[in-house]
Structures are given as structure tokens and as C-alpha cells.
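Residue numbers for the sequence shown follow the UniProt record's numbering, beginning at 1 and rising by one.
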Amino acid sequence: MRSDIFDRTNLEVENGQRFFLQNSKMLKVTLGEPVLAAKGSMVAHQGAVQFHHKGSDTLAKFVKRAISSDDQALMTVSGQGDVFFARFAETVFIIHLEGDAISVGGASLLAFDATLQWDLHRTRGAGMMTGGLFNTLIQGHGSVALTSDGQPVILDCSQQPTFVDPNAAVCWSANLVPEVVSSMNMSSLLRGGTGEAFQYKFHGPGFVVVQPSEGFAGLGQTS
């Protein structure tokens, strides 16, 4: 049998790391310790692997998840073996936390070490008109895999205010506290609006990762 599909670039990668990229669209995790992952993001696994719904650890976290439009539906993945994760063929990248933290927006969270601490935080200024905007703060020692709908750009927020569409903000420095600002005025409302009613405003030492997309119809659904 012959086919270009059997090219070495498409073969399973083995490099001894726990979190690594099988390719730019797929994450491979070698289990030992459990991981938390977005529900429905598993595309394949090898070995004895179990999947369980991840509930809220505390009452406060349960309440936040109940009212959050950006709630992260998570599953616990445990056992022994290799698990492959992907979502809508989006670009995957890994951040290794070394006692520090990262804030993650929207549906960009793919998988992370279960030993990491995480919680939902409401964005300042995100009132009823925005539907309530939340981000997930992840901190500690371990790996976090995120997805971007296309090749992202990293913007420096230290020199001047940076405004980002909430649906395009993948993640940002944990020390940055985004503020929701509105560009709506009476004239734009009367003319049907611009489609750019609300933005995140970042300003301070740090960065924000922006994807070249504001999401699509399938985003947030599970397989």
C-alpha cells in the first residue's frame, strides 16, 4: 500500500514529554497524573483512559459557572495511556506555568494539568448589556494548552491602551485586568450599529494573545 498520507510528518510523535504538539492542530498528552480538558475535545486515545464530568469544587465556583456565559465545560481525563485533543482544527499552543498565572478568555481553553488551580473571574464593567463576560484564571506549576482560530498575534499592552474584541481575546497576562468599554452612541444605534459595540481594554505591563477570528457558529459545541 502506498499513499502520501503515510509521510513521516503524519506519524505519531514520541518524544517523552507529557504535554506536546502532535502537530499544529492536535495536542497529545501522556497520562500519569489526570488532566482537565474541554468536554468533547478528545479525538483519540490509546490505553486505559477514563473520562468523567468535572463539577464545581466550591459553592462560589458553582454560582460563577451558573451565571457565566463563558463557562468552561470540563471533563477529568485519567488513567494510563496517550490522549489526543483537538477542536475544530484550530491552532494549538502550550504554555508552561512555573508558579505564575494566565487568564484565558472565552472557549480557548483546551486542556491543562489537574494540579493547577483555576477559577472564573468576572470582567470589570461587564454588565447586563454584554451578557456577562468571564475569564478563567489558571495558576501554579504545570502545562496549559489553548486554541486559537488561526495564527494568533501577541500584543504588548505596556506602552498604550490596547482594545480587543472579547471573542478574539485568547489569553492575557494575569496581572492585567481588562475593562469592558463601549463604543456605542446614539447615532450608531439609530443606524443599526457597527458590530463593534464592546471591547476589552488592556493597559499595563503584559501581553494579550489575539486570534484572527471572532468565533464561528460551531464554537462552544461539543462532539
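Where a beta carbon is used, it is the ideal one built from N, C-alpha and C, also for glycine.
query                                                                                                                                : result
Distance CB(Leu146)-CB(Trp118) smaller than 8 angstroms                                                                              : no
Alpha carbon of Tyr200 to alpha carbon of Val164, nearest angstrom                                                                   : 5 angstroms
C-alpha gap between Leu21 and Trp172, whole angstroms                                                                                : 21 angstroms
Cβ neighbours of Leu202 in the same chain (closer than 6 angstroms, five flanking residues each side left out)                       : The sequence shown places Phe at residue 202, not Leu. Cys157, Thr162, Leu176, Pro178, Val208, listed in sequence order.
Residues bridged to Asp113 (per DSSP)                                                                                                : Val35
For Phe93, the three-state DSSP class (helix, strand or coil)                                                                        : strand
Exposed unless 16 or more other CB atoms sit within 10 angstroms - verdict on Gly142                                                 : buried
Sub-8 angstroms separation of Val92 and Val35 beta-carbons                                                                           : no
Selection from Ser213, Gln50, Gly106 that minimises the alpha carbon distance to Gly32                                               : Gln50
Exposed unless 16 or more other CB atoms sit within 10 angstroms - verdict on Gln42                                                  : For the sequence presented, residue 42 should be read as Met rather than Gln. Classification of Met42: buried, given that the 10 Å Cβ count is 16 or more.
Three-state secondary structure assigned by DSSP to Asn15                                                                            : coil
Buried versus exposed, by CB contacts within 10 Å (16 or more), Val153                                                               : exposed
DSSP-derived helix/strand/coil call for Asn10                                                                                        : helix
Coarse secondary structure for Asp156, derived from DSSP in three states                                                             : strand
Between the CA atoms of Val181 and Leu190 - distance to the nearest angstrom                                                         : Model confidence at Leu190 stands at a pLDDT of 45, short of 50, so the residue's coordinates are unreliable and nothing is read from them.
Residues that DSSP places opposite Gln50 in a beta bridge                                                                            : Ser78
Identity of the residues DSSP links to Lys28 by a beta bridge                                                                        : Phe20, Phe84
C-alpha distance - His96 paired with His53, whole-angstrom precision                                                                 : 25 angstroms
Pairwise C-alpha distance: Met1 and Glu214                                                                                           : 42 angstroms
Beta-carbon contacts of Arg122 that lie in its chain and below 6 angstroms, excluding the five residues immediately before and after : Phe134
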